[in-house]
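Scroll down for the structure; my scribbles are underneath it.
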Amino acid sequence: MSTPAKLRIIFDDHTVHKLLLPSGIPSSIQDLKLVIQSTFSIPDGFTLMYQDMEFGGQFFTLASIEDVQDMGSLKVVQVEPVIVNLSAVEEKDDNLPESDGLSFTSLASQDTILLSSSSDESPSYRSQPWPRQFEIPPFSFDTQLMLDAGNRAYHSNGTLLNNPKVTSSVLEKLAERIFQYTAYPTGIQVINVVEALVEKYPCLKEPGSFNGMYGWQQRIKYKMGNYRAKVRGLQIACPELEVNSSRKMTSSPKGLKRPKKAEVNYLPPLPLGETKETMEEERVVLLTEVKKTNNNKIIREKMEKTFPYRRLEVVNQMPAVPGVMERWPALFYESQVKEEFKRITTIHLDRTFLTKMDFYTPKLLTIFKSKGGTAGAKMKSVLESLSQQQIDSRDAVIRCLIHFLGESTEELIKDYQDVSKDVIEQDIKNSVIKILVLGNAAEGAPPTDVIIVIDGGNPRAGSEQGVGAPVSGGAPRGGQRAASLNRSRPAHLPSRLSRGGGGGELTVSRTSCRRGAREHSGCGASRDWMRYTG
């Protein structure tokens with residue numbers, strides 16, 4: 001394993017942090033930037049500068065990862081967006097066609113615009129997940145005056161504001177802001193909103209409630225139901241609501257089709273000006289494009305454009321995997337698995353999963369090595385292979401984690417060494433979801449291929465090859481299964497270790513962690529990693 005390293009990260013004159021790298025300094029500048037971005041939750045679009053002691057500690061642009069040393073200092077410099085000043089257009093040529101997204105009249109109404117890629121943000125669906133800290137939106141002028149006066153009275157003598165007009169105005173604005181993130185907020189998300197509300201406006205605390213928030217929680221839940229009905233009444237396309245509009249009032253709410261955890265774009269509307277018929281034409285064209293070589297750019301553009309249409313099909317019709325493979329073969333390309341996962345969750349699948357995994361790997365290995373009993377004996381051979389550098393550390397952690405929780409690795413991962421093709425094909429037909437690791441009998445030889453089985457079929461057919469190690473192959477395929485295909489965990493898989501619903505989540509039962517806590521005091525670290533949601 002690489003030697004752990006520490007770096008001093010400078011953001012500005014008043015913000016300096018320490019970055020711990022348990023797996024050592026990354027092998028490339030891009031990987032280092034990804035670690036910094038994920039650790040400190042900063043936006044993309046920055047450059048790194050390193051401190052050169054030969055020039056008296058001055059900072060230079062980082063051009064080689066070799067310039068990064070343990071205990072060294074790096075400065076994060078945000079790159080300013082490109083700004084173009086445009087003069088107003090006085091006349092409009094009627095002979096020139098207008099663009100769907102930008103017209104000459106719109107240019108005349110603004111002097112400055114920011115350049116951005118159309119593929120990064122689409123107006124047809126959400127681009128931001130639920131925020132870590134919910135920001136209370138600005139209210140109308142008269143409501144804001146009453147809230148400010150109420151806060152002054154509260155800080156003066158503890159008087160609470162109880163004004164129905166203010167309550168109604170606040171609920172309307174909160175519903176609008178919540179709907180920007182999700183049409184069906186969870187109970188925890190509602191609590192986040194109420195906490196932010198009473199923190200900013202303590203005069204709105206509920207009298208008689210033990211925490212001053214219970215009444216607001218109920219109001220927001222009812223308000224969101226009314227707001228959804230209001231949006232439906234506008235006669236605009238909103239598949240996220242339409243999918244449940246035909247349900248009978250007596251049906252169970254558990255049958256509602258709602259986003260799973262971390263799913264931001266569950267059922268986005270079709271692009272402006274597009275219909276199901278035009279989207280079907282795009283899909284047919286896409287079938288032709290996937291047969292061409294070196295055509296990744298066009299495939300990505302077509303997959304991006306048809307994303308809302310594809311989600312309508314997957315969520316409403318719930319097709320079997322072979323049917324999805326026939327209609328959307330590009331969806332099973334490894335690159336498109338990651339892209340589709342990002343479209344649904346706005347999360348980078350590999351970057352998030354592997355960064356978190358590498359961060360907790362040293363602590364997890366310490367826990368595994370101290371484990372005794374039957375599970376410890378099963379993990380011993382895996383850890384010995386790791387010490388002899390015969391397997392990847394990520395692969396070892398996943399296998400040991402399954403043993404640590406008292407489950408069998410054969411339920412998820414199966415190794416083959418010099419077996420016939422017929423045996424593999426038979427196992428594929430009998431499997432719901434499994435990772436098949438193909439190799440040869442040579443000691444220490446890396447796996448020659450990794451096959452991901454979903455619902456008795458091999459989605460690798462006709463797709464990009466060379467997934468690599470089981471973890472690098474399993475992470476995107478798990479994301480594909482949970483998010484792209486709108487599936488849930490099979491019942492036969494280990495109940496204590498399962499894939500979550502779309503956010504790259506790993507969920508572990510409290511019973512398993514309590515058992516592990518009795519055996520090792522570091523279970524808290526492993527539990528934090530197991531429950532990461534990106």
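Numbering (full-length UniProt numbering), first residue to last: 1 to 534. Cβ atoms here follow ideal geometry from the backbone N, Cα and C, with glycine treated the same way.
{"Item": "Three-state secondary structure (DSSP) at S106?", "Value": "With a pLDDT of 38 at S106, under the threshold of 50, the predicted position of this residue should be treated as unreliable, though the coordinate-derived value follows. Of the three classes helix, strand and coil, the one that applies to S106 here is helix, per DSSP."}
{"Item": "If I measure Cβ to Cβ from D415 and keep anything under 6 Å in the same chain, skipping five residues before and after, which residues do I get?", "Value": "V437"}
{"Item": "What are the partner residues of S73, as DSSP defines its beta bridges?", "Value": "R8"}
{"Item": "Helix, strand or coil: how does DSSP classify residue 611 here?", "Value": "With the chain covering only 1 through 534, there is no way to say anything about residue 611."}
{"Item": "I'd like the list of long-range same chain contacts for P362, defined as Cβ closer than 6 Å, with 5 residues on each side in sequence excluded.", "Value": "P22"}
{"Item": "Tell me, which residues are paired with Q417 by DSSP?", "Value": "G439"}
{"Item": "Which residue marks the beginning of the alpha helix (DSSP H) containing M318, and which one marks its end?", "Value": "Counting along the chain, M318 falls outside any alpha helix (DSSP H), and DSSP gives it neither H nor E."}
{"Item": "For P131 versus T345, is the C-beta distance shorter than 8 Å?", "Value": "no"}
{"Item": "Can S64 and R8 be called in contact, C-beta distance under 8 Å?", "Value": "no"}
{"Item": "With a threshold of 7 Å on Cβ separation, who are the neighbours of L34 within its own chain once the five nearest residues in sequence on each side are excluded?", "Value": "R351, T355"}
{"Item": "If we ignore side chains and look at the alpha-carbon of each, how far apart do S223 and V243 end up?", "Value": "Inspection of the sequence shows that residue 223 is occupied by Lys rather than by Ser. If you take the alpha carbons of K223 and V243, they lie about 20 Å apart."}
{"Item": "For the structure I just gave you, are there three or more beta carbon pairs, one from the segment 268-279 and one from the segment 225-245, closer than 8 Å?", "Value": "yes"}
{"Item": "Terminal residues of the continuous alpha helix (DSSP H) containing I188?", "Value": "187-200"}
{"Item": "Rounding to the nearest angstrom, what Cα-Cα distance links N192 and T39 in this structure?", "Value": "23 Å"}
{"Item": "Among F332, M53, F59, which residue has its Cα nearest to the Cα of I10?", "Value": "F59"}
{"Item": "Which residues share a DSSP beta bridge with Y50?", "Value": "F60, L74"}
{"Item": "Among K205, V170, P185, whose alpha-carbon lies nearest the alpha-carbon of L160?", "Value": "K205"}
{"Item": "Going by beta carbon distance, what residues of the same chain come within less than 7 Å of A375, once the five residues before and after it are set aside?", "Value": "H403, F404, G406"}
{"Item": "Looking at the unbroken alpha helix (DSSP H) that takes in H403, where does it start and where does it end?", "Value": "393-404"}
{"Item": "Taking DSSP as the reference, what is the three-state secondary structure of S99?", "Value": "In this prediction, S99 has a pLDDT of 39, which is less than 50 and means its spatial position is unreliable; what the coordinates show is noted afterwards. Of the three classes helix, strand and coil, the one that applies to S99 here is coil, per DSSP."}
{"Item": "E339 and M303 - do their beta-carbons sit closer together than 8 Å?", "Value": "yes"}
{"Item": "Taking a contact to mean a Cβ-Cβ separation below 8 Å, would you say I433 touches I451 in this structure?", "Value": "no"}
{"Item": "Can you tell me which of S408, E282, V397, V68 puts its alpha carbon nearest to the alpha carbon of L48?", "Value": "V68"}
{"Item": "Rank R311, A330, G273 by C-alpha distance to the C-alpha of N295 and give the top, closest one.", "Value": "A330"}
{"Item": "Out of curiosity, what's the CA-to-CA distance linking V397 and D31?", "Value": "21 Å"}
{"Item": "Can you tell me whether V194 is buried or exposed, with buried defined as 16 or more other CB within 10 angstroms of its CB?", "Value": "buried"}
{"Item": "So, is K371 buried or exposed, given that buried needs 16 or more other C-beta atoms within 10 angstroms?", "Value": "buried"}
{"Item": "How many angstroms separate the CA atom of S381 from the CA atom of C400?", "Value": "10 Å"}
{"Item": "I413 and I435 - do their beta-carbons sit closer together than 8 Å?", "Value": "yes"}
{"Item": "Where do the ends of the beta strand (DSSP E) carrying I452 lie?", "Value": "449-454"}
{"Item": "Using a threshold of 8 Å, state whether the C-beta atoms of Y309 and K276 are closer than that.", "Value": "yes"}
{"Item": "If you compare alpha carbons, which of P138, L145, C203, V231 is closest to F179?", "Value": "V231"}
{"Item": "Grab me the residues of K200's own chain with a C-beta within less than 7 Å of its C-beta, minus the 5 sequence neighbours each way, in chain order.", "Value": "I136"}
{"Item": "Straight-line CA distance for L386 to K369?", "Value": "12 Å"}
{"Item": "With DSSP collapsed to three states, give me the class of H155.", "Value": "helix"}
{"Item": "Can you round the beta-carbon distance between T182 and V166 to whole angstroms, since I take them to be within the 8 Å contact cut?", "Value": "No, T182 and V166 are not in contact; Cβ-Cβ is about 25 Å, not under 8 Å."}
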